[in-house]
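Chains as they are written, first to last, in our numbering: chain G, 1 to 305; chain E, 306 to 610; chain B, 611 to 915; chain L, 916 to 1220. Just below is one structure, and these are the notes that go with it.
There are 4 protein chains.
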Amino acid sequence: MTSYGGDALTARVRDRCCELFETEVDIFPVLTGTAANALSIAATHPAAIICHAEAHVQLEELAAAELFSGGKLVPADGANGKLNAEAVAGNLATRPPGNQTLSVTQATEAGTLYTVDELRAVCAVARAHGAAVQMDGARFANAVAALGCAPADVTWRAGVDLLAFGGTKNGTLAAEMIVVFRRELSQVLAPLWHRSGHRLSKMRFVSAQLEAYLDNDLWLRNARHANAAAARLAHAIGSRVDIVRPVEVNVLFVRLAPARAAALRAQGFDFYEWSLFGEDVYRLVTAFDTTDAEVDALAAAMLSA
Amino acid sequence: MTSYGGDALTARVRDRCCELFETEVDIFPVLTGTAANALSIAATHPAAIICHAEAHVQLEELAAAELFSGGKLVPADGANGKLNAEAVAGNLATRPPGNQTLSVTQATEAGTLYTVDELRAVCAVARAHGAAVQMDGARFANAVAALGCAPADVTWRAGVDLLAFGGTKNGTLAAEMIVVFRRELSQVLAPLWHRSGHRLSKMRFVSAQLEAYLDNDLWLRNARHANAAAARLAHAIGSRVDIVRPVEVNVLFVRLAPARAAALRAQGFDFYEWSLFGEDVYRLVTAFDTTDAEVDALAAAMLSA
Amino acid sequence: MTSYGGDALTARVRDRCCELFETEVDIFPVLTGTAANALSIAATHPAAIICHAEAHVQLEELAAAELFSGGKLVPADGANGKLNAEAVAGNLATRPPGNQTLSVTQATEAGTLYTVDELRAVCAVARAHGAAVQMDGARFANAVAALGCAPADVTWRAGVDLLAFGGTKNGTLAAEMIVVFRRELSQVLAPLWHRSGHRLSKMRFVSAQLEAYLDNDLWLRNARHANAAAARLAHAIGSRVDIVRPVEVNVLFVRLAPARAAALRAQGFDFYEWSLFGEDVYRLVTAFDTTDAEVDALAAAMLSA
Amino acid sequence: MTSYGGDALTARVRDRCCELFETEVDIFPVLTGTAANALSIAATHPAAIICHAEAHVQLEELAAAELFSGGKLVPADGANGKLNAEAVAGNLATRPPGNQTLSVTQATEAGTLYTVDELRAVCAVARAHGAAVQMDGARFANAVAALGCAPADVTWRAGVDLLAFGGTKNGTLAAEMIVVFRRELSQVLAPLWHRSGHRLSKMRFVSAQLEAYLDNDLWLRNARHANAAAARLAHAIGSRVDIVRPVEVNVLFVRLAPARAAALRAQGFDFYEWSLFGEDVYRLVTAFDTTDAEVDALAAAMLSA
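Encoded structure:
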């Protein structure tokens, strides 16, 4: 069969992922992060899914994870957008072991990073309670680029069972993939993928994007570029603008007077308010295609406003 | 907002559909027929969904329609893959009115067509029982091309509430859309679309395909081409091969001795056995890109085998 | 905890089931057969659920099994309401192994019985394809009473993983239970039970019924009584009324002229038409509380009508 | 039909509810509060369900509401367990109008009451945004008893569309019912009720409880008794124990040193810690069958400990 993912391109992407992650994996290409998250969570058949209170799965994907998995998303706390191992342990301790799942986001919605050790610690807590670990890797490339680690170090070696490996924010047209490290879950995932309408007959057109994305480290080069643009912006404005969270990848949260934000928007800069971090905080995101000129223009506008 | 379908391309596709269907519609681009069917059925909140026993939603899409809609697919009979109005009426009569849905496929999985009058008749039965009507239009283009009617005549004017308008089988990379004629259902459909992971952030890349598909009647020209290829094949082999169903669009069902089928496959021809129609029946499908030479080669191979 | 099933009564019912089934089991009391079937099927996480085309789960429970399990009910054939091992094998052969489920009804909706050997045969087919086996035992008592076998012989020893053990049709107010033989499924079932709203805080009132039901073989004595009433009726009318299926438990299917059926109803006899078995076929069911006088009155009415 | 709720008892309960609520209603008896909440929410087909962060549907019912409704529970704030109209308005303003639902609990999980005016205010906000209103009335009787109002005043007259009318905590064995004020939702609810396995064949045994519950104001008399017991306890201990929330119905939250709590438990008193309200806070609940002697014994134990 050459349709529905049985093609040579999809096979090559899978092989490339095995090399990249230094282990045998299965892959399931999909087109949205919501699908990648919800389906990979669903493969673990959770009763509850512990995630950070700011996680995308909790705040931005409606009941996608609940629809596909039947589980309940349970928000937990932690500074700087990162799950706190003690909070996770406390929550899991109140639940029956064996069918809970931890969803961890790397890099986080707050634009911060789990170090390898931090990630190992939260995964170890999950393991100790018999919980599976899913990673929302919409910004996985930015995390690996910033940490300079092996992809395996922040996934299966740290205790991650499935990864929603993002591509769309980092250069693909619309292509993400679920990478399965605990491969017995692939058998569960296969019918979910089909049943949810996310298994394309012409999967090769998605896989072609993913192959290009992985070739010659394009995914990492794109992410390094985006991260550098954020660093350039932070450097340019940091002494005079209130940056409210550490800048570790390609996301900055800045506090701006509403008039200043409005003035920037009037000049064509596009960004969101981020009410989670208090009043007048805005999220600035750089991307694979952000130019130095764009960064400098924004910095100049922010400083002169 | 220019992401998640708020872009100009998606707006143009919607406008183009309003012209094409001669009425105000809403559109929801998706990437698979399974998504288009399951989501459009779900928007009607059915208790039961009456469909033909050979329908793709019943046989090939696992529990997609059930997952998204909560309803039960109930197969009904009818000759040549077409729902029989009396059978539909008999089935609906046993159910409470008001939350049943009829799913009708045009052209059918059997490669046959509802005439405008036949379609009106089954839709009228649905209406009389307060049931909504969803159309699986994976081969809608082939149907309109073959009937030579206005798209409106085999959709809303006949009583259809939502159409899963196929593109992938007829030339797009992977692009389908739900066209909503009963527009109060759009409000219901919008969160389903998002929740199911089928609302792309970069929707413009799907809409671009759909715009090209609709431009200069490409969708119809592609379908006419595929239909003509099937007719050419039927003409070439009809006197010597048993064609078990009427050839009305781009699908032929032929009875072949197993050895003959194996021989054809050994020559590189790719087709499925279709056990629903009895033993040794195979389904041959022509497409937008089937050449006359390919048809003639297959015909020659079939006749000489 | 003494609520939500943590009470002594529920523990005693579980112990009683371990004795009855001669193995360690878990139990999950519920109030309806639909809940018992859908939840026990869901615990197996099926992609598809193969069941007989006449099964209650397929015909009478809307999309309950699909809602809770996400799987697709796939009807298969077999004479006298019983799944045919070859048909099951043929169907399973077309599906990926490892996440399919077989749902088998004992006694069947057609009022027939799988012998121990027949049951073993269909379960063996399921096993060979890696499929789980769920039993709809709404009439399990009638089956065991008729077969005179050990309950274990027609459940786990034959290859059944979970049993929906009926009570409501056989004397309880409203009490059924899921009996889990493959106990690793209990961990999966526990949150499904809670999430579906079927875990009662005052579970003890359900368990009290189940304890009484099991005490002193009440369940079997009730079933023997019902079976005997059906046999008495069959004996009384068999020479002059067309009984269309074997009478093996407490169900008879008879062919009656419509006028005759109407006349019986006018006399207060309550029964359903059963269109699956052709025209003018009616289903007569006897129960734990059917008296000989009632049977004789019905027989007399049928013979004199 | 006399089964599945078609019996005379169920009809009488419905009639009795029409009198009680001074309007035409439909009723759907169920056996758990989880079922009553999840199904009544599901009947409104919500994209999101705004509820208080301490609501039972959010904290204690796993993903029941999500499973049956497909919607996302979105917690909102408000002092003393009550939704704040401004917070609700702010949340609804960020969502598309027309398919959101507000779930309001009366009396609340915190043992507090919405006054009629407060309830009208939050319902008015919902109405203004086109949202439906569902009420979790697990302690509805305690609320009506405490407010001394007509049941209609805190339901449909205030803007409530469906009520989960509790019984199990207030004297029934296991019987609750959904009362539908916006009756076009009943058509939607009917198949959900069946599909979820919550429609009992012998519904009469549930309805019998509900009839007794409503007869001669037993529901109100039971609730008044429970409320009085809580007041008696508060009066007895209030000067020396820290009661952390207003006592308005049958629930007290008290702060106790852990050793004191342990000592009380050692004497046989059974209660939960309630971590939502800070450390060392415990929830004490009185019931329809709590005796003065029991209250006095607990008070004495608390004061002497």
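Beta carbons: idealized from backbone N, C-alpha and C, even for Gly. Since we're looking at a predicted model, the values are computed, not measured.
Backbone CA spacing between residue i and residue j [nearest angstrom]
i, j, result
"residue 792 of chain B", "residue 771 of chain B", "5 Å"
"residue 85 of chain G", "residue 1194 of chain L", "20 Å"
"residue 115 of chain G", "residue 26 of chain G", "25 Å"
"residue 307 of chain G", "residue 395 of chain E", "Any answer about residue 307 of chain G is impossible in this case: the structure gives chain G only from 1 up to 305."
"residue 196 of chain G", "residue 3 of chain G", "17 Å"
"residue 364 of chain G", "residue 287 of chain G", "Beyond the ends of chain G as shown, which are 1 and 305, falls residue 364 of chain G; an answer cannot be given."
"residue 226 of chain G", "residue 142 of chain G", "8 Å"
"residue 660 of chain E", "residue 607 of chain E", "Outside the shown range of chain E, which is 306 to 610, sits residue 660 of chain E, and nothing can be said about it."
"residue 387 of chain E", "residue 463 of chain E", "16 Å"
"residue 263 of chain G", "residue 257 of chain G", "10 Å"
"residue 840 of chain B", "residue 895 of chain B", "7 Å"
"residue 616 of chain B", "residue 1135 of chain L", "29 Å"
"residue 353 of chain E", "residue 379 of chain E", "7 Å"
"residue 521 of chain E", "residue 418 of chain E", "24 Å"
"residue 503 of chain E", "residue 340 of chain E", "7 Å"
"residue 271 of chain G", "residue 581 of chain E", "55 Å"
"residue 633 of chain B", "residue 43 of chain G", "31 Å"
Identified DSSP bridge partners for residue i
i, result
"residue 682 of chain B", "B:658"
"residue 936 of chain L", "Residue 936 of chain L is not bridged to any residue."
"residue 334 of chain E", "E:482"
"residue 547 of chain E", "E:560"
"residue 162 of chain G", "G:134 and G:180"
Extent of the continuous beta strand (DSSP E) to which residue i belongs
i, result
"residue 786 of chain B", "786-790"
"residue 589 of chain E", "586-590"
"residue 613 of chain E", "Chain E is shown only over 306 to 610; residue 613 of chain E falls outside these bounds and no answer can be derived."
Beta-carbon separation (whole angstroms), residue i vs residue j, contact threshold 8 Å
i, j, result
"residue 393 of chain E", "residue 430 of chain E", "5 Å"
"residue 415 of chain E", "residue 550 of chain E", "5 Å"
"residue 538 of chain E", "residue 604 of chain E", "6 Å"
"residue 424 of chain E", "residue 459 of chain E", "6 Å"
"residue 1091 of chain L", "residue 927 of chain L", "Not really, about 17 Å apart at Cβ, beyond 8 Å."
"residue 518 of chain E", "residue 477 of chain E", "5 Å"
"residue 678 of chain B", "residue 717 of chain B", "In fact, because the Cβ distance is near 24 Å, the residues do not count as touching under 8 Å."
Any C-beta of chain L under 7 Å from that of residue i
i, result
"residue 496 of chain E", "yes"
"residue 773 of chain B", "no"
Cutoff 7 Å: residue i Cβ touching any chain G Cβ
i, result
"residue 1117 of chain L", "no"
"residue 1191 of chain L", "no"
"residue 368 of chain E", "yes"
"residue 567 of chain E", "no"
Element boundaries [alpha helix (DSSP H), containing residue i]
i, result
"residue 292 of chain G", "292-304"
"residue 918 of chain L", "Neither: residue 918 of chain L is in no alpha helix (DSSP H) and is coded neither H nor E."
"residue 509 of chain E", "509-519"
"residue 59 of chain G", "56-59"
"residue 433 of chain E", "421-433"
"residue 1134 of chain L", "1133-1152"
"residue 750 of chain B", "750-757"
Any chain E beta carbon closer than 7 Å to residue i
i, result
"residue 681 of chain B", "yes"
"residue 205 of chain G", "yes"
"residue 676 of chain B", "yes"
Min CB distance residue i to chain B below 7 Å
i, result
"residue 130 of chain G", "no"
"residue 106 of chain G", "no"
"residue 1109 of chain L", "yes"
"residue 317 of chain G", "This structure leaves residue 317 of chain G out entirely; chain G is present only between 1 and 305."
C-beta neighbour in chain A for residue i, strict 7 Å
i, result
"residue 1054 of chain L", "No chain A appears in the structure shown, which is made up of the protein chains G, E, B and L."
Residue i: CB within 6 Å of a non-hydrogen atom of the ligand MN
i, result
"residue 682 of chain B", "Of ligands this structure carries none, so the ligand MN is not represented either."
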